Amino acid sequence: MSNSDLLTNIRQYVQEHIGKFHEARLNSLRNLELEQILKRKNPYLFRAKNILIASDLVRSLLDAHLSSQEETMFGEFLEGLAIHICKRTFNGKKI
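What follows is the structure, given as C-alpha cells:
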C-alpha cells in the first residue's frame with residue numbers, strides 16, 4: 001500500500017469512526033445526573049475556587065465530567081486508529 005493510499009485509508013477510517021466519539025460524548029451528557037456528579041466531586045474545592053454562582057458551578061462540574069470522559073473515549077478512538085494503521089501497514093493485530 002502506497003503512502004498516498006494509506007493516508008486516504010486513514011482519513012476514511014477517521015471519518016467513519018469519529019462520529020462514535022462524538023455520540024459517546026453526547027450520551028455521556030444525556031445520561032448524566034447532578035447527584036452523580038456531586039457524589040464524585042468535593043464541594044469545598046468549588047468554594048475554595050470562589051465559585052459562588054450556580055451557573056458557574058454547573059459549568060465547572062460539566063467541564064470536569066467531560067474532560068475525564070473525553071480522555072477515556074478519545075484514548076479508545078486513538079487505540080482503534082493505531083490498530084487500524086498497524087493492520088494496514090504491517091498486517092498486525094491486537095492480542
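Residue numbers for the sequence shown, in the working numbering: 1 to 95. Glycine included, every Cβ here is placed at the ideal spot set by N, Cα and C. As the structure is a computational prediction, the values presented were derived from the model and not from experiment.
{"query": "Beta-carbon proximity check, residue 17 vs residue 80, cutoff 8 Å", "result": "yes"}
{"query": "Given residue 47 as reference, the closest of 87, 60 and 90 once Cα atoms are compared", "result": "60"}
{"query": "Through-space distance from residue 7 to residue 1, alpha-carbon basis", "result": "10 Å"}
{"query": "Beta-carbon proximity check, residue 65 vs residue 26, cutoff 8 Å", "result": "no"}
{"query": "Beta-carbon proximity list for residue 94, same chain, < 7 Å, skipping 5 on both sides", "result": "83"}
{"query": "Assigned exposure category for residue 106 - 16 Cβ within 10 Å defines buried", "result": "Nothing can be reported for residue 106: it is not among the residues displayed for the chain, which extend from 1 to 95."}
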